[in-house]
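The structure appears below as structure tokens.
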Amino acid sequence: MKISNILSRRNRILLRELVITDFKLRYQGSVLGYAWSVLKPLFLFAILYVVFDYIFNLGKGVPHYPVYLLTGMVLWTFFVEATTNGLQSIISRGDLIRKINFPKYIIVVSGTVSALINLFFNLIVVAIFMIANGVDVGWQAILIIPLIVELYIFALAIAFFLAALNVKFRDIGYLWEIFIQAAFYGTPVLYPLSMVISKSELLTKIILINPVAQVIQDARYVLVTKESVTIWSFVTGWKVILPFVIIVVVLILASYYFRRNQKYFAEQI
Amino acid sequence: MADKDIAIKVQDLTKSFKIPLESSSGIKQKMINVLKGKKGYREFTPLKDVSFEIEKGDFFGIVGRNGSGKSTLLKSIAGIYAPTKGAVHVDGTLVPFIELGVGFNPELTGRENVFLNGALLGFSHAEMEAMYDEIVDFAEIGDFMEEKLKNYSSGMQVRLAFSIAIKAEGDILLLDEVLAVGDEAFQRKCNEYFANIKNSGKTIVLVTHSMDSVRKYCNKAMLVHDGKIKAVGSPDDIANEYTMENFRKQDTAGDGKHQEGLSDKVTMLRIVPVSKQVLTNKDDLIVDIEYRITDDTPIVVHIGIDDEIRDVVILNNGAKVAGKGEHKLRYTMPVSAYNDCNLRVYAVIDEVDTKNRIAFTSDRNSYRCLIRNKIGNYGLINTSSPVHGSWDGIEDFVYNRNKEIHGD
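Going down the list, the sequences are from chains A and B.
The first sequence begins at 1 in my numbering and counts up by one.
The second sequence begins at 1001 in my numbering and counts up by one.
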């Protein structure tokens, strides 16, 4: 796996074919088909919205809370989907890996790209909600693109690591599921960060160092409301770059681990 | 010799696997093993320091007994396994056909699977489009291509996979024990295809147990034994060597106490070869039948000789003897009258009075040898045999069909 080969012709062909296959198969046999990639997060959003806005009043004081919540939901769902797809990708293609030699990382990438395509659909829904809710969209909305790139790279790095680890230890799938549950509450998806600030500033800083939280808060800032607490506004000095440091470190370690282990996938699966 | 075109070069290839002892594919077991200082796995080395070359255009057969390492070797060539030591160099695009198939997805249609497979092998959509008709034609499942693969019969799936493998325009084709694919008509088609492929420039590596295939298709072959190369050479020589290797393993006749086929009366019976294991027309088959009997009752010692290629009994010849103790009877048979045979020589001892069978050499304990005389016709007896017929007023004509003698 030379760096120059990462997107060679052969690999692009394979990636394209795998993504198309994934896409074809995902909602096979379901009546609503691809609509589910939008409907699922929408329903989840509706539930959370009813429970946390109406019953617990979490959204009090947050302008455009429905859009605020939906943006967070959509990005979080993407992160979960990309990492989980990646985690399963190598194992689920074990049959293939034992019969043909092909670049393994393409399967991981294809799993995350499928999630990325879903994110794209979901962002269209977010856009519709933004218009319906009368959100004032500025030029900064364009910054959502680098933010998604950042989140994608982070998710991909984690996916590489988990996919390779899962070949050796099948416990990883279960562990990750539990971890994601916990991380959901450790990330400001439901609750506005302002609530945490009033309790503990340190905790807020720690939460914001998590790249996923940083991206979600930034995305809300550029898309929904300037009242979204971002790492830029809350953390000062060099610590601002900590989420990026985390991403780079995870990416380097994950690539190293994946590259070192991929040649043994065929015999370990 | 240096500027031969090499398609595959294997250099000092060693491959070992770590086989987990208990189901230690879990974090808990792993930690327990680390704490106890156990390795948690056992090392298994199916390939040891293997080096060889395959030239471009070769139809190269790899044979060997089960567990000899030939499939591991093929997978290493295919790049599926990474070498533990040494290296494999491949020059050209490689199309593997391993474990009956290329990993189809049952939810996709036949057509979609063809393109997905092509992509896995490194062919673009356009390239596959160009090969598509030929693949479907060869597989003979044109009507089914738009149906999901799960609706295919298993024969159809294998046929499609096989057609992709052989029709894909790769330079090197790796085949793992697959020539018995599909029904008789399809096999005949494959047979024809392989028989004609030699001049196409494609390099083919075939792993197989079928010596017929090796003789028929290959121009070179290799015998693998215990993870090492035992011999490389002409398909005929390698096929013979392989057949004999299978015999040798079984040839443990005689000295055990209560072996199959022995009784209280006859405590030992074995066939000891005196002649060579590969015989030609000029040779005689000579064996000693050794037995030990505990009393003096008259017995009949029979020798039986079967041909395992044609599955016929060639002869059965008895001798009446008596006397207790250890004896040795020599039997000589000229083989000049026979065409190529895989002989199985066995002995049986019956009591004369009671007609009871008191000993026999089991299949395992029978002696096996080959007649290879390169005379080109298929019948059991050849034209030099006195019992052979003759044409009225016309001389016999024998043309060399040697390759087909062992036909399917």
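In this text, a Cβ means the ideal position worked out from N, Cα and C, and glycines have one as well.
Looking only at its chain, what residues have a beta carbon closer than 8 angstroms to the beta carbon of residue i, apart from the 5 residues adjacent to it on each side?
{"i": "Leu15 (chain A)", "result": "Ile106, Val109, Ser110 and Val113"}
{"i": "Glu1107 (chain B)", "result": "Lys1148, Leu1149 and Lys1150"}
{"i": "Pro1083 (chain B)", "result": "Leu1013, Thr1014, Lys1015 and Ser1076"}
{"i": "Met73 (chain A)", "result": "Pro41, Leu44, Phe45, Leu48 and Val189"}
{"i": "Ile155 (chain A)", "result": "In the sequence on display, residue 155 (chain A) carries Ala and not Ile. For Ala155 (chain A), where only same-chain residues beyond five positions count, the Cβ hits under 8 angstroms are Phe78, Phe79, Ala82, Thr83, Gly86, Thr112 and Ala115."}
{"i": "Tyr1041 (chain B)", "result": "Lys1018, Ile1019, Pro1020, Leu1021 and Ser1024"}
{"i": "Gln217 (chain A)", "result": "Pro188, Leu193, Leu208, Ser228, Val229, Thr230 and Ile231"}
{"i": "Asn122 (chain A)", "result": "Ser37, Val38, Pro41, Val74, Thr77 and Phe78"}
Excluding the 5 residues flanking residue i on each side, which residues of the same chain have their C-beta closer than 7 angstroms to its C-beta?
{"i": "Tyr34 (chain A)", "result": "Tyr27"}
{"i": "Lys1276 (chain B)", "result": "Asp1283"}
{"i": "Leu203 (chain A)", "result": "Val196"}
{"i": "Glu1129 (chain B)", "result": "none"}
{"i": "Cys1218 (chain B)", "result": "Phe1059, Phe1060, Gly1061, Leu1206 and Pro1235"}
{"i": "Asp1226 (chain B)", "result": "Ser1068"}
{"i": "Val215 (chain A)", "result": "Leu75, Leu147, Glu150 and Leu151"}
{"i": "Ala141 (chain A)", "result": "Val222 and Leu223"}
{"i": "Asp1176 (chain B)", "result": "Ser1071, Leu1074, Phe1097, Ile1098, Glu1099 and Val1207"}
Considering Cα atoms alone, identify which of the options is closest to residue i.
{"i": "Leu1094 (chain B)", "options": "B:Cys1341, B:Leu1035 and B:Gly1170", "result": "B:Gly1170"}
{"i": "Ser255 (chain A)", "options": "A:Ala46, A:Arg93, A:Ile153 and A:Ile197", "result": "A:Ile153"}
{"i": "Ile1303 (chain B)", "options": "B:Val1205, B:Val1287 and B:Thr1294", "result": "B:Val1287"}
{"i": "Gly1182 (chain B)", "options": "B:Ser1163, B:Ile1197 and B:Lys1198", "result": "B:Ser1163"}
{"i": "Ala163 (chain A)", "options": "A:Asn101, A:Tyr221 and A:Arg93", "result": "A:Arg93"}
{"i": "Cys1369 (chain B)", "options": "B:Leu1279, B:Ala1359 and B:Gly1103", "result": "B:Leu1279"}
{"i": "Ile1349 (chain B)", "options": "B:Ala1165, B:Ile1394 and B:Thr1267", "result": "B:Thr1267"}
{"i": "Asp1311 (chain B)", "options": "B:Arg1344, B:Val1300, B:Lys1085 and B:Ile1289", "result": "B:Arg1344"}
{"i": "Glu1112 (chain B)", "options": "A:Phe23, A:Val248, A:Ile172 and A:Trp232", "result": "A:Phe23"}
{"i": "Tyr1346 (chain B)", "options": "B:Gly1318, B:Tyr1378 and B:Leu1074", "result": "B:Gly1318"}
{"i": "Val1301 (chain B)", "options": "B:Arg1357, B:Val1387 and B:Thr1045", "result": "B:Arg1357"}
{"i": "Asp1296 (chain B)", "options": "B:Gln1187, B:Leu1285 and B:Glu1326", "result": "B:Glu1326"}
{"i": "Leu7 (chain A)", "options": "A:Lys104, A:Asn166, A:Ser233 and A:Thr71", "result": "A:Lys104"}
{"i": "Glu1241 (chain B)", "options": "B:Asn1342, B:Gly1389 and B:Glu1395", "result": "B:Asn1342"}
{"i": "Glu1308 (chain B)", "options": "B:Leu1174, B:Tyr1367, B:Ile1080 and B:Val1352", "result": "B:Tyr1367"}
{"i": "Ala1185 (chain B)", "options": "B:Ile1166, B:Phe1138 and B:Val1088", "result": "B:Phe1138"}
Residues in the same chain with beta-carbon distance under 6 angstroms from residue i, minus the five sequence neighbours each way, listed in chain order, please.
{"i": "Ala1239 (chain B)", "result": "Met1211, Val1214 and Arg1215"}
{"i": "Tyr191 (chain A)", "result": "Leu58"}
{"i": "Lys1220 (chain B)", "result": "Asp1058 and Phe1060"}
{"i": "Glu1053 (chain B)", "result": "Ile1006 and Lys1009"}
{"i": "Ser1230 (chain B)", "result": "Position check: residue 1230 (chain B) holds Lys in this sequence, whereas Ser was assumed. Around Lys1230 (chain B): Leu1223."}
{"i": "Ile158 (chain A)", "result": "Thr83"}
{"i": "Met1001 (chain B)", "result": "At Met1001 (chain B) the pLDDT is 43, less than 50, meaning the model places this residue with poor confidence; the figure from the coordinates comes in the next sentence. Within the same chain, Met1001 (chain B) has no close Cβ partners at all."}
{"i": "Lys1257 (chain B)", "result": "Any reading at Lys1257 (chain B) must be qualified, since the residue scores a pLDDT of 46, below 50, and its modelled position is unreliable; no value is offered."}
Beta-carbon of residue i versus every beta-carbon of chain A: anything under 7 angstroms?
{"i": "Pro1334 (chain B)", "result": "no"}
{"i": "Ala1082 (chain B)", "result": "yes"}
{"i": "Ser1163 (chain B)", "result": "no"}
{"i": "Glu1107 (chain B)", "result": "yes"}
{"i": "Leu1279 (chain B)", "result": "no"}
{"i": "Ala1168 (chain B)", "result": "no"}
{"i": "Gly1103 (chain B)", "result": "yes"}
{"i": "Gln1250 (chain B)", "result": "Note on Gln1250 (chain B): pLDDT 49, under 50, position unreliable in the model; the coordinate value appears next. For Gln1250 (chain B), the answer is no, since every Cβ of chain A falls outside 7 angstroms of its Cβ."}
{"i": "Gly1122 (chain B)", "result": "yes"}
{"i": "Val1010 (chain B)", "result": "no"}
{"i": "Pro1096 (chain B)", "result": "yes"}
{"i": "Ile1027 (chain B)", "result": "yes"}
I'd like to confirm the pairing. Which residues does DSSP put opposite residue i in its beta bridges?
{"i": "Thr1014 (chain B)", "result": "B:Lys1085"}
{"i": "Thr1045 (chain B)", "result": "According to DSSP, Thr1045 (chain B) bridges with nothing at all."}
{"i": "Met1020 (chain B)", "result": "First, the residue type needs correcting, since residue 1020 (chain B) is Pro and not Met in the sequence shown. According to DSSP, Pro1020 (chain B) bridges with B:Tyr1041."}
{"i": "Pro1106 (chain B)", "result": "None; Pro1106 (chain B) has no bridge partner."}
{"i": "Phe1059 (chain B)", "result": "B:Ile1204"}
{"i": "Val1095 (chain B)", "result": "B:Leu1173"}
Examine chain B for any beta-carbon lying closer than 7 angstroms to the beta-carbon of residue i, and answer yes or no.
{"i": "Phe23 (chain A)", "result": "no"}
{"i": "Glu17 (chain A)", "result": "yes"}
{"i": "Lys99 (chain A)", "result": "yes"}
{"i": "Gln28 (chain A)", "result": "yes"}
{"i": "Phe169 (chain A)", "result": "yes"}
{"i": "Ala266 (chain A)", "result": "yes"}
{"i": "Leu14 (chain A)", "result": "yes"}
{"i": "Asp95 (chain A)", "result": "yes"}
{"i": "Arg260 (chain A)", "result": "no"}
{"i": "Phe161 (chain A)", "result": "no"}
| query | Which parts of the segment 1364-1394 of chain B are runs of the beta strand (DSSP E), unbroken and 3 residues or longer, counting only runs that do not cross its ends? | reply | DSSP runs (the beta strand (DSSP E)) wholly in the segment 1364-1394 of chain B: 1367-1371.
| task | Output the residue ranges of the beta strand (DSSP E) runs that lie fully inside the segment 1329-1370 of chain B and measure 3 residues or longer, sorted by chain position. | result | Within the segment 1329-1370 of chain B, the runs of beta strand (DSSP E) at least 3 residues long that lie entirely inside it are, in chain order, 1341-1351 and 1357-1360.
| query | Taking the runs of the alpha helix (DSSP H) that are 4 residues or longer, which of them lie wholly in the segment 1126-1197 of chain B? | reply | Segments of the alpha helix (DSSP H) lying fully in the segment 1126-1197 of chain B: 1154-1167 and 1184-1196.
| request: Please list the segments of the alpha helix (DSSP H) lying wholly inside the segment 126-186 of chain A, counting only runs of 4 or more residues, in order along the chain. | output: If only uninterrupted alpha helix (DSSP H) runs of at least 4 residues are considered, those enclosed by the segment 126-186 of chain A are 144-168 and 172-186.
| Can you list, in chain order, the stretches of the alpha helix (DSSP H) that have 4 or more residues and sit fully within the segment 1223-1304 of chain B? | DSSP assignment within the segment 1223-1304 of chain B yields the following whole alpha helix (DSSP H) runs of 4 residues or more, N-terminal first: 1235-1250.
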